[in-house]
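In the working numbering, the protein residues as written are -4 to 127.
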């Protein structure tokens, strides 16, 4: 009974983490649906499918009345168990791509701000030269 409670607690925590991932990815949707966003979206779908499929298949296999090895169920069980780690890796890749893009955008913003400041100083200098 204690192991079931621990398993349910783990499932609840995993679902809470997945909810946070969904909120974050859907929030990034407004910044643009580029390759990084699609990579993270695919990863979140994989994490969700893997977690819920793993939990559902575990429940189905543990409550089935048939004996034996489970046959195809065990193969599907293996697929679901590997889907989450691969999806997390995919999410990390998408997040890194998004971070690099954000860094480039911030650098460009700083360059444009410096250019604007330099142009403003030049205009003020030209006005002062014209006034004298």
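Each residue gets a CB set at the ideal place from its N, CA and C atoms; glycine is no exception. Being a predicted model, the structure only gives us computed values, none of them experimental.
DSSP three-state assignment for residue i, whether helix, strand or coil
i	result
residue 28	coil
C-alpha gap between residue i and residue j, whole angstroms
i	j	result
residue 90	residue 34	8 angstroms
residue 69	residue 7	24 angstroms
residue 30	residue 17	17 angstroms
residue 74	residue 25	33 angstroms
residue 83	residue 48	16 angstroms
residue 101	residue 122	32 angstroms
residue 19	residue 56	33 angstroms
residue 119	residue 21	45 angstroms
residue -1	residue 107	58 angstroms
residue 9	residue 58	22 angstroms
residue 111	residue 32	31 angstroms
residue 92	residue 5	30 angstroms
residue 126	residue 115	17 angstroms
residue 124	residue 99	37 angstroms
Reference residue i, options the options, closest by Cα
i	options	result
residue 51	32, 36, 71	71
residue 96	23, 124, 0	23
residue 37	85, 58, -2, 108	85
residue 54	27, 87, 2, 117	2
Inspect the CB distances between the stretch 37 to 49 and the stretch 10 to 18 and report whether three or more fall short of 8 angstroms. yes
Does the stretch 77 to 91 come close enough to the stretch 43 to 58 that 3 or more CB-CB pairs lie under 8 angstroms? yes
Return the chain-ordered ranges of every beta strand (DSSP E) run that is complete within the stretch 62 to 112 and spans a minimum of 3 residues. none
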